[in-house]
Amino acid sequence: MNSAALFGYCGAVLVGLGLYGLITRPEVLRKILAFNVLGSGVFLLFGVFARRGAAAGLGADPVPQALVITGIVVAFSATALVVALLVRLNKETGQVIITSDDPEESGKQGVLP
Amino acid sequence: MTLVFACEVVLAGLLVAIATWTIVARTAFAAIVVFMVYGLLLAIVWVALSAVDVALTEAAIGGGVTSIVLLGAASRLRGSKAAVPSVSFPFKITAGVLCAVVSAGLAAVVFSLPDVAPTLAPVAKENLAESGLGNPVAAVLFVFRAHDTLLEKVVLLLALVGVWSLASDSAWGGVPALRVYASPSRILVFLDQILPPIGIMIGIYMFWAGASQPGGAFQGGTILAAMWLLTMMARLQDVPSISARWLRLLLVVGPMAFLAVGLAGFFFADSFLAYPPSISKPLIIVVEATLTLSIGVTLALLVAGPPERLPQQ
Numbered sequence: 613m614n615s616a617a618l619f620g621y622c623g624a625v626l627v628g629l630g631l632y633g634l635i636t637r638p639e640v641l642r643k644i645l646a647f648n649v650l651g652s653g654v655f656l657l658f659g660v661f662a663r664r665g666a667a668a669g670l671g672a673d674p675v676p677q678a679l680v681i682t683g684i685v686v687a688f689s690a691t692a693l694v695v696a697l698l699v700r701l702n703k704e705t706g707q708v709i710i711t712s713d714d715p716e717e718s719g720k721q722g723v724l725p
Numbered sequence: 077m078t079l080v081f082a083c084e085v086v087l088a089g090l091l092v093a094i095a096t097w098t099i100v101a102r103t104a105f106a107a108i109v110v111f112m113v114y115g116l117l118l119a120i121v122w123v124a125l126s127a128v129d130v131a132l133t134e135a136a137i138g139g140g141v142t143s144i145v146l147l148g149a150a151s152r153l154r155g156s157k158a159a160v161p162s163v164s165f166p167f168k169i170t171a172g173v174l175c176a177v178v179s180a181g182l183a184a185v186v187f188s189l190p191d192v193a194p195t196l197a198p199v200a201k202e203n204l205a206e207s208g209l210g211n212p213v214a215a216v217l218f219v220f221r222a223h224d225t226l227l228e229k230v231v232l233l234l235a236l237v238g239v240w241s242l243a244s245d246s247a248w249g250g251v252p253a254l255r256v257y258a259s260p261s262r263i264l265v266f267l268d269q270i271l272p273p274i275g276i277m278i279g280i281y282m283f284w285a286g287a288s289q290p291g292g293a294f295q296g297g298t299i300l301a302a303m304w305l306l307t308m309m310a311r312l313q314d315v316p317s318i319s320a321r322w323l324r325l326l327l328v329v330g331p332m333a334f335l336a337v338g339l340a341g342f343f344f345a346d347s348f349l350a351y352p353p354s355i356s357k358p359l360i361i362v363v364e365a366t367l368t369l370s371i372g373v374t375l376a377l378l379v380a381g382p383p384e385r386l387p388q389q
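Protein sequences appear in the order of chains H and C.
Under our numbering, the first sequence has 642 at position 30, and the numbering climbs by one with no breaks.
Under our numbering, the second sequence has 77 at position 1, and the numbering climbs by one with no breaks.
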C-alpha cells in the first residue's frame, strides 16, 4: 500500500463518518459540522486521484487540485449561508433542530425513528 | 515500511480519530474546536499528497474561517433551551451500518483504481509557458479553467446576498453584529495590535508568490479577511455598515475586473477569458490583486453575518 491508497481509504472512512453524523445528530449545527467532514472526505479522494496522476515532473495532477480549491471555497459559502439560516430559525422559533410544520407530526416531536 | 510512511499511517489514524470526535463530541463548542484541529491536520495530509496549494486553502478556509462562522453560531445558540430529541439506539446502529457500507464501497473504488492513472499533468505542464505563470495550479485556476474560478466568485457574492437577505426589515442596510464566543480581553487586543501588520504582509506575499509558487488569491484573501476580522473582534475597528458604498465597490471590483478581462478576450484573443499571450501574466496579476481584495472583504462579511442594527448617526 502506498501513501495515496492510504489516504484514499482515509477519505472513504471520513465520508462514512460525516454521513453518520449527518443522519444521527438532530441539532442543525452538528449536521453542518458533519456535512463539512463528509465534504472533506470527498475532497481527499480527489486529492488521491490528483496524487496518482503525478507526471511530467509535477507532484500531483493540477486539475483536480484546482477543482478542490474551488470546492473548498464553495463549501464555505454554503456553510456560511446555512449557518445564517440556522441563526434566523433560532431567533424566530427558539429551535436548534428542524421540526415538521405539520401539527400532527410536531405532536410526536422528541422521538426520532 | 519507511519512516515517512509510518508517519503517514499515524496521521491518517489521527485524522479519523479527530473526525470521530467532532461527530460524537457532547457539546457543540467542543466539536467545533476539534473541527479546527481537524482542518489543520487535513492540511498536513494535503502536503503529504504534494498539493501545497490545497493545503493552504484547507488551513485558511476549511479549518479557519469555517470554524469562526460555526463558533459564532454556537455562541448565538448557547442560550437556547430548546429540547433536542434523543435518537434511538437501533436507529444509530442502522445508520452506522449504512454509512459503513458507503465507506466500504468508496474504499473498494480506491482499491480497484487502474494502475496507470489518467492525468492532465503533462498537458498542463506543456501549456504552462504560454500562460506566463510558474505555478501549474494557478494556471489551471486562472487560465485553463478560468470559468470555474469566475463562477466561484459569483457563488461567494450570491452567498453573501443570501446571508444579508436574512436580516430583519428594520436592520436592512445596517451593521452586522459580529458575534464571537469570547468577549474582547486585553490579550486579544494586544494580539490584534501585533498581528495585523505581519498578517497583511503575509497575505499580500501569498498572492504575489502565487503566480510561480504555491499560494494565490484565495489564500492571500483569506489571510487579509482574518486580519480584518481580528481587528473588528477586538473592537479596534468598527464593523462597517453593509450599505457603505466603498464596501460594495470592494466586493465587486474583483469579479468585475475578471469579467472585464474575460470579455476583452473576445476582441484581443480568441475567446471569452482568453488572454493575449504577450501580456497574459500582467493581466492575471491585476485580476488576482483585485480578486484578493474582493475575496478578503467577502469572506470577512460572510463571517460577520446579516446586519442586525442600524448604523449610529
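We put the CB at the ideal spot given by N, CA and C, even for glycine.
- Distance from the CA atom of Ala-247 (chain C) to the CA atom of Thr-78 (chain C), rounded to whole angstroms, is 60 Å.
- Comparing alpha-carbon positions, the option among C:Ser-126, C:Phe-111, C:Arg-152, C:Leu-118 lying closest to Ser-143 (chain C) turns out to be C:Phe-111.
- The continuous alpha helix (DSSP H) containing Arg-324 (chain C) extends over residues 321–344.
- Contact between Gly-372 (chain C) and Gly-297 (chain C) holds: their C-beta atoms lie close to 4 Å from each other, under 8 Å.
- If you draw a straight line from the Cα of Leu-242 (chain C) to the Cα of Leu-693 (chain H), it comes to about 9 Å.
- With its beta carbon at least 7 Å from every one in chain H, Ile-263 (chain C) lies outside the interface.
- C:Phe-283 is the residue among C:Arg-311, C:Phe-283, C:Ala-159, C:Leu-339 whose C-alpha sits nearest the C-alpha of Ser-370 (chain C).
- The beta-bridge partner set that DSSP reports for Pro-272 (chain C) is empty.
- If you check the CB distance, Ala-687 (chain H) and Gln-677 (chain H) do not come in under 7 Å.
- In the same chain as Gly-139 (chain C), and ignoring 5 residues on each side of it, the C-beta atoms closer than 6 Å to its own belong to Met-112, Gly-115, Leu-116, in chain order.
- Judged by DSSP secondary structure, Glu-134 (chain C) falls outside any beta strand (DSSP E); it is assigned neither H nor E.
- Put simply, the segment 199–219 of chain C does not touch the segment 636–652 of chain H. Fewer than three CB pairs are less than 8 Å apart.
- Listed along chain C is no residue with a C-beta nearer than 9 Å to that of Ile-710 (chain H); the closest approach is about 11 Å.
- When the alpha-carbon of Glu-384 (chain C) is set against those of C:Ala-135, C:Leu-147, C:Val-315, C:Phe-294, the nearest one is in C:Val-315.
- For Phe-342 (chain C), not one C-beta of chain H is nearer than 7 Å to its own C-beta.
- Only exposed fits Cys-83 (chain C), as fewer than 16 other CB atoms lie within 10 angstroms of its CB.
- In the displayed model, Glu-202 (chain C) falls within a helix according to three-state DSSP.
- In the three-state DSSP reduction, Arg-385 (chain C) falls in the strand class (E or B).
- When Cβ pairs closer than 8 Å are counted between the two stretches, the segment 262–274 of chain C is seen to touch the segment 298–314 of chain C, the count reaching three or more.
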